[in-house]
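Enquirer: Position in the sequence shown (from 1) plus 33 gives the number in my numbering. Okay, handing you the structure first.
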Amino acid sequence: MVEPSATDHPAETRDREDLRDQVVEALRNVHDPELGINIVDLGLVYGVDVSDGTVHVTYTLTTMGCPIGPLIEAEIRQFLSGVAGVNEVEAEMVLRPPWTPEMMSEEAKAALGFF
Numbered sequence: 034m035v036e037p038s039a040t041d042h043p044a045e046t047r048d049r050e051d052l053r054d055q056v057v058e059a060l061r062n063v064h065d066p067e068l069g070i071n072i073v074d075l076g077l078v079y080g081v082d083v084s085d086g087t088v089h090v091t092y093t094l095t096t097m098g099c100p101i102g103p104l105i106e107a108e109i110r111q112f113l114s115g116v117a118g119v120n121e122v123e124a125e126m127v128l129r130p131p132w133t134p135e136m137m138s139e140e141a142k143a144a145l146g147f148f
């Protein structure tokens, strides 16, 4: 979650938190093409930071050798470009910590038969 700085005004913090929520909701449109589940519920999004219209998304893939990284990043940029207040998108793929099925939402686990 975005932490307010000491110089933030309550309205600025609220606006940034609202924008972050809109960004996360837009990221739900990005789906893993093999699993058909969005990257938020899969637990692939590790962080979303918003600062002055720049959104920095830290994400991972289900496996280190997964070939869909460029597709995921392109879709992150595509869907976030339509969010009002987003001027720039920085998408950073990381491999640490490695993704595990425990990172999925309950809905994603149910859809994939994890109980």
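Think of the CB as a built atom: it goes at the ideal place given N, C-alpha and C, for glycine as much as any other residue.
Give a yes or no on whether the C-beta atoms belonging to T91 and G102 are separated by under 8 Å.
Expert: Within the sequence shown, residue 91 is the residue found at index 58, counting from 1. Within the sequence shown, residue 102 is the residue found at index 69, counting from 1. Going by C-beta atoms, T91 is not nearer than 8 Å to G102.
Enquirer: Kindly provide the ranges of any beta strand (DSSP E) runs that are 3 or more residues long and lie completely inside the segment 47–132, ordered along the chain.
Expert: 78–84, 87–92, 121–126
Enquirer: Among L145, L52, I72, which one has its Cα closest to the Cα of G115?
Expert: Residue mapping note: residue 115 aligns to position 82 of the sequence shown, counting from 1. Considering only L145, L52, I72, the residue with the shortest C-alpha distance to G115 is L52.
Enquirer: If you draw a straight line from the alpha carbon of M126 to that of L94, how long is it in whole angstroms?
Expert: Reading the sequence shown from its first residue, position 93 is the one you call residue 126. Reading the sequence shown from its first residue, position 61 is the one you call residue 94. In a straight line, the C-alpha of M126 is about 8 Å away from that of L94.
Enquirer: For the ligand NAP, any of its heavy atoms closer than 7 Å to the Cβ of V83?
Expert: As for the ligand NAP, it is missing from this structure, which has no ligand bound.
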